[in-house]
Each structure stands twice: as structure tokens, then as C-alpha cells.
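Let me begin by presenting the structure, written as C-alpha cells, before commenting on it.
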Amino acid sequence: MRKLLPLLAVLLLAAVPTVQAAPADPNGVVQGIADDLGKALEGRKDELSSDRDKLIKLIDGIVLPHFDIDYASILVLGQNARSATPEQRTRFAKAFYNSIAHRYAEGLLNYTRGRIDIAPYKGELNEKRSLVRTEVILDDGKRVPVDYAFRKTKGGDWKAYDVIIEGISYVTNYRNQVSAEIAKTSLDQLITRLETQGEKALESLEKTTRQ
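Position 128, counted from 1, in the sequence shown is what my numbering calls 138; the numbers after and before it change by one each time, with no gaps.
Right under this line is the structure:
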């Protein structure tokens, strides 16, 4: 999972989808993000590699509207979300997303363009949940299954909240790490570390839980 996590920033964001889908449905959301980011990054690697803030702002503007960070953060917190205050949940969601976005942003610039096949809808869609199934074809020909879990918000929009790479859930992976860290310290300390150290705190969190 550690080696595949950078693909969160690469496989979805900089790939070229091959299946057309209605813009309002989850498949269309995945395709739209990939198209928009592909166009926004084209010919700008040198510019963005020297201006990380601009790169993060570009990613946020395209991805953030389609990602349910509040819901995802509650899932990552797991049982700890029950005892967290609304302020703690809000701070954690923002700090956690920012840490991940900063850590994997450069993956976009280092990516040599491959291809993503978005599977046609096969009944995974219901009124509230859906799963977009994709396969990423890497430069060496390897096909990596990457699925995106979506939920419909109260406003009727479909937003992603989890990424499953080769069967490993991003939410579940980080939930285990966050739970272990909170058990050793506290939620407030974890939030403060993420807010002040950002990606360094995230990297430390991953290393600690692998020991």
C-alpha cells in the first residue's frame, strides 16, 4: 500500500480516460477530473515544479469540489469520530487532506502519461452509493485495478470518499494508522502535528505504524 499510495495523485488525476460517461454520474465525475487536470497540467511541468503553492491550488480547484473530505475524514477517524467535537472533526478533515495533497502533488509532475480504462457501469449504482471501477495501464503494460467509492450528498452531487488500489482501501489503511497514533497520544496532538508539520507528520505517521 505504501508504494501504491502516490498513485492517489497520479492514476486518477493525470490519466486519460477512454470511456465516455454522463457528467452527472460517478463515472462522469472521474472522467471530468482526469480531463480537466490533464489539460491544466499540459506543458506546465517546469512552471509548477518551481511553484508548489500554485500546483496545490490547481489540484484543489479541480479535485476538491468532487471529494467529500468531511465524510472521508469521519471514516478515517473511525470510532474516534464519536468522541471528537465538531471543531476537532473539521480541523482534522482540513489538516489531513492538506497533508495528503501536499505529499503526493509532485506525483503529477513525475508521471509519464499512461492510460486509464473506466469500466462501464455494471449495476453498482444506487440512490446513495456507487463504485467506479477502473484499470490503469502503466508504462510497462501492467494493469492496476483502482476503484473509487462515491456517495450522493444531500445536495444531489456525487462525491468520492475512498480509493481502493489493488483491493486496499485508502480509508481503511489510514484509519488503522490514525487509530494507533491517537491511542499513543491524543486526537488534539495528532491534529496539531498535521496542521504544523503537514506532509512530514503524515510520513512519520506511516513509518511509526509500520514498525
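We treat Cβ as the ideally placed atom computed from N, Cα and C, and that holds for glycine.
Give the straight-line distance between the Cα atoms of residue i and residue j, rounded to the nearest whole angstrom.
{"i": "Gln89", "j": "Lys194", "result": "15 Å"}
{"i": "Ala44", "j": "Gly53", "result": "16 Å"}
{"i": "Leu47", "j": "Glu57", "result": "15 Å"}
{"i": "Asp150", "j": "Asp198", "result": "44 Å"}
{"i": "Ser93", "j": "Val142", "result": "32 Å"}
{"i": "Ile84", "j": "Asp172", "result": "12 Å"}
{"i": "Glu205", "j": "Ala82", "result": "18 Å"}
{"i": "Ala91", "j": "Arg99", "result": "7 Å"}
{"i": "Tyr114", "j": "Ala190", "result": "23 Å"}
{"i": "Ser59", "j": "Asp127", "result": "28 Å"}
{"i": "Gln95", "j": "Ser196", "result": "A quick correction: the sequence has Thr, not Gln, at residue 95. Approximately 13 Å, taken between the alpha carbons."}
{"i": "Lys64", "j": "Gly38", "result": "26 Å"}
{"i": "Gly165", "j": "Asp70", "result": "20 Å"}
{"i": "Leu74", "j": "Val181", "result": "17 Å"}
{"i": "Ala211", "j": "Arg203", "result": "6 Å"}
{"i": "Asp307", "j": "Lys55", "result": "With the chain covering only 11 through 221, there is no way to say anything about residue 307."}
Using a Cβ-based criterion (distance less than 6 Å to any ligand heavy atom), does residue i qualify as near the ligand NAD?
{"i": "Asn37", "result": "As far as ligands go, the structure on display features none, and thus does not contain the ligand NAD."}
Pull up the CB-CB distance for residue i and residue j, whole angstroms please, since I reckon it's below 8 Å.
{"i": "Val40", "j": "Tyr158", "result": "6 Å"}
{"i": "Ala105", "j": "Ile201", "result": "6 Å"}
{"i": "Ala50", "j": "Ile79", "result": "Actually they do not touch by this definition, with Cβ atoms about 20 Å apart."}
{"i": "Ile66", "j": "Ala111", "result": "6 Å"}
In chain order, what residues of the same chain have a beta carbon less than 6 Å from the beta carbon of residue i, not counting five sequence neighbours either side?
{"i": "Val5", "result": "No information on residue 5 is available, as it lies outside the stretch 11 to 221 that the chain covers here."}
{"i": "Arg101", "result": "Ile201"}
{"i": "Arg185", "result": "Val86 and Gly88"}
Have a look at the DSSP bridge pairing and note the partners of residue i.
{"i": "Val188", "result": "According to DSSP, which records beta bridges pairwise, Val188 is partnered with nothing at all."}
{"i": "Val142", "result": "Tyr158"}
{"i": "Lys169", "result": "Arg161"}
{"i": "Arg153", "result": "Ile147"}
{"i": "Ser179", "result": "Ile174"}
{"i": "Ile128", "result": "Thr144"}
{"i": "Phe77", "result": "Ala170"}
Take residue i and list the residues in its own chain whose beta-carbon comes closer than 7 Å to its own, dropping the five residues that flank it on each side.
{"i": "Asn108", "result": "Gly208"}
{"i": "Ile192", "result": "Asn90 and Leu200"}
{"i": "His76", "result": "Val39, Ile43, Lys169 and Ala170"}
Among residues of its own chain, excluding the 5 on either side of residue i, which ones have a beta-carbon nearer than 8 Å to its beta-carbon?
{"i": "Lys138", "result": "Arg161 and Lys162"}
Quick one: is residue i buried, meaning 16 or more other Cβ sit within 10 Å of its Cβ, or exposed?
{"i": "Asn183", "result": "buried"}
{"i": "Glu97", "result": "exposed"}
{"i": "Glu213", "result": "exposed"}
{"i": "Arg153", "result": "exposed"}
{"i": "Arg62", "result": "exposed"}
{"i": "Lys169", "result": "buried"}
{"i": "Ala19", "result": "Bear in mind that the predicted position of Ala19 carries a pLDDT of just 45, short of 50, making it too unreliable to give a figure here."}
{"i": "Leu68", "result": "buried"}
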